[in-house]
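J.: Can you keep this structure in mind? I'll have questions shortly.
Number of protein chains: 2
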Amino acid sequence: MTRKPTLPPDALRPLTADEDAVVRALPSVLYALPRAIDAQMQREQQLSNTEYLSLMYLSEAPDRQLRMHELASAIEMSLSGTTRIVNRLESEGFIKRLRCERDGRSWHASLTDAGLARLEEAWPTNLDAIRRHFLDHLKELDLKKLAAALRNVAT
Amino acid sequence: MTRKPTLPPDALRPLTADEDAVVRALPSVLYALPRAIDAQMQREQQLSNTEYLSLMYLSEAPDRQLRMHELASAIEMSLSGTTRIVNRLESEGFIKRLRCERDGRSWHASLTDAGLARLEEAWPTNLDAIRRHFLDHLKELDLKKLAAALRNVAT
DNA sequence: GGGATATACTTGCTTCGGCAAGTAACTTAA
DNA sequence: TTAAGTTACTTGCCGAAGCAAGTATATCCC
Chain H
1 MTRKPTLPPD ALRPLTADED AVVRALPSVL YALPRAIDAQ MQREQQLSNT
51 EYLSLMYLSE APDRQLRMHE LASAIEMSLS GTTRIVNRLE SEGFIKRLRC
101 ERDGRSWHAS LTDAGLARLE EAWPTNLDAI RRHFLDHLKE LDLKKLAAAL
151 RNVAT
Chain P
1 MTRKPTLPPD ALRPLTADED AVVRALPSVL YALPRAIDAQ MQREQQLSNT
51 EYLSLMYLSE APDRQLRMHE LASAIEMSLS GTTRIVNRLE SEGFIKRLRC
101 ERDGRSWHAS LTDAGLARLE EAWPTNLDAI RRHFLDHLKE LDLKKLAAAL
151 RNVAT
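Those protein sequence lines, which keep their order, are chains H and P. Following the UniProt record's numbering, the numbering of the first sequence begins with 1 at its first residue and continues without gaps. Following the UniProt record's numbering, the numbering of the second sequence begins with 1 at its first residue and continues without gaps.
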């Protein structure tokens, strides 16, 4: 039972009413919402969100390829998780693995034409899912500030 | 390959620049952030977020107990997932299952004193995780509006 | 009252993800 | 130049969650 030692007293500062309201709404957004988006993507496109993101980041990369650890950090997954995602996408022909010429330990995940086509087929569903589950509910917010805040959260 | 038929044209309406900025930042927030919060809770408190939420909602319920499906909907998990969470928490003595007197098919998950103590031990970590990973990055936002929007997303 | 249906939960099976250990290839330093 | 260390990726093992099927109880309707 190695628990963290006592937290600094600041951690116990009570939440303001507004913060509390945000915190109360958070589980829905952080836990249920990703599952809902994933489920729609899976149902309508047979792609998980991480698979979709992989195709997307690859499509935007120079030469449509990224080294494994670059892809991992783009999709914010562990390297082992990324290995498996690439395995799946490779087995369906959407990605090819290419040896890296400059570093024999390294592989490039390279988006195939089929992979690009798959992405183009899938993105309307992804956009629809994000709109329906998320964007459409934010009408009252200042999106510019929200985007900045979310980028800030991201780091 | 049963794919959804063509989406309504509205789904293809392009994103505004602000919407796009939000969407770009979304994977970090919806996928990486929950993992980060979970990891901190697991590391420092040996509790998953769903376990923590279960204890929390039970502590707030009348008689500190809820029927399984009530708990499931509170924590927004499937019933089978809830069964397993309750199994885990029960095996550690934090929850007891009590037969429902009015309905023989039903069980109450009931928070024990040990469970309440566990919750009280864990909440500062949870609060700290939420603050550090999320709340502290929202300084620029109108939290009242954000809370309303998030509640809106939740439904 | 008793069969058909519905409800509340549990279990079996599968998938996904992380960590830690393993392997191969590169780099550094003696 | 070769042994030690580091890096890039993969594999083995595990836990968590969902769906679909199973079980037990309740309700409905004749």
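All C-beta atoms, glycine included, are put in the ideal place defined by N, C-alpha and C. If you're wondering where the values come from, they're calculated on a predicted model, not measured in any experiment.
Is it buried or exposed for P/Gly115, if we count other Cβ within 10 angstroms and need 16 for buried?
T.: buried
J.: Cα separation between H/Lys96 and H/Ile75?
T.: 18 Å
J.: Excluding five sequence neighbours on each side, which residues of the same chain lie with their C-beta closer than 8 Å to the C-beta of H/Cys100?
T.: Arg67, Ser106, Trp107 and His108
J.: Output, in sequence order along the chain, the residues in the region 138 to 150 of chain P whose CB is closer than 9 Å to any CB in chain H.
T.: Those residues of the region 138 to 150 of chain P placed with their C-beta closer than 9 Å to a C-beta in chain H are Leu138, Lys139, Glu140, Leu141, Asp142, Leu143, Lys144, Lys145, Leu146, Ala147, Ala148, Ala149 and Leu150, ordered along the chain.
J.: Compute the Euclidean distance between the alpha carbons of H/Glu19 and P/Tyr57, then round it to the nearest angstrom.
T.: 18 Å
J.: Report the residue from P/Gln40, P/Pro27, P/Ser54 and P/Ser48 whose alpha carbon sits nearest the alpha carbon of P/Thr112.
T.: It is P/Ser54.
J.: List, in order along the chain, the chain P residues whose C-beta lies closer than 9 Å to that of H/Phe134?
T.: Val22, Val23, Leu26, Leu30 and Val153
J.: Decide yes or no for the touch test of the region 125 to 139 of chain H against the region 25 to 45 of chain H: beta carbon pairs closer than 8 Å, at least 3 of them.
T.: yes
J.: Run down chain P in chain order and give the residues with a C-beta less than 7 Å from the C-beta of H/Leu33.
T.: Ordered by position in chain P, the residues that pass the 7 Å Cβ test against H/Leu33 are Leu30 and Val153.
J.: At least one CB of chain P closer than 7 Å to the CB of H/Ile130: is that the case?
T.: It does; some Cβ of chain P falls within 7 Å.
J.: For the putative contact between P/Val22 and H/His137, defined by C-beta atoms under 8 Å, what is the C-beta separation to the nearest angstrom?
T.: 12 Å between Cβ atoms; not a contact.
J.: From this set, P/Ala148, P/Ala117 and P/Thr83, which residue's C-alpha is nearest P/Ser59's C-alpha?
T.: Checked all of P/Ala148, P/Ala117 and P/Thr83; the closest Cα to P/Ser59 is P/Ala117.
J.: If I follow the unbroken alpha helix (DSSP H) through H/Leu30, where does it start and stop?
T.: Per DSSP, H/Leu30 lies in no alpha helix (DSSP H) segment and is marked neither H nor E.
J.: According to DSSP, is H/Arg99 helix, strand or coil?
T.: strand
J.: Where does P/Thr16 land, buried or exposed, given buried means 16+ other C-beta within 10 angstroms?
T.: exposed
J.: Can a CB atom of chain P be found closer than 7 Å to the CB of H/Leu53?
T.: yes
J.: Measuring only between beta-carbons, confirm whether H/Glu76 sits less than 7 Å from chain P.
T.: yes
J.: Counting only beta-carbon separations shorter than 7 Å, does P/Asp18 have a partner in chain H?
T.: Closer than 7 Å to some Cβ of chain H, the Cβ of P/Asp18 qualifies, so yes.
J.: Assign P/Asn87 to one of two classes, buried (16 or more other C-beta atoms within 10 Å of its C-beta) or exposed (fewer than that).
T.: exposed
J.: Using the beta-carbon of each residue, which ones in chain H are nearer than 9 Å to P/Asn49?
T.: Pro27, Leu30 and Tyr31
J.: For a quick check, are the C-beta atoms of H/Arg151 and P/Ala32 less than 7 Å apart?
T.: no
J.: How many angstroms separate the CA atom of H/Leu135 from the CA atom of P/His133?
T.: 21 Å
J.: Under 7 Å between the Cβ atoms of P/Lys144 and H/Leu141?
T.: no
J.: What is the rounded straight-line gap between the Cα of P/Ser28 and the Cα of P/Thr155?
T.: Near 22 Å, if we compare the C-alpha coordinates of P/Thr155 and P/Ser28.
J.: Give the list of continuous alpha helix (DSSP H) stretches no shorter than 4 residues that lie fully inside the UniProt domain "HTH marR-type" (19 to 155) of chain P.
T.: 33 to 45, 49 to 60, 68 to 75, 79 to 91, 113 to 133 and 143 to 154
J.: Buried or exposed for H/Glu44, going by 16 or more other Cβ atoms inside 10 Å?
T.: buried
J.: Ignore the nearest five residues each way along the sequence and tell me which others in H/Leu47's own chain have a CB closer than 7 Å to its CB.
T.: Met41 and Ala122
J.: Of the residues H/Arg13, H/Asn49, H/Pro14 and H/Leu30, which one's Cα is nearest the Cα of H/Leu119?
T.: Of the candidates H/Arg13, H/Asn49, H/Pro14 and H/Leu30, the one whose C-alpha sits nearest the C-alpha of H/Leu119 is H/Asn49.
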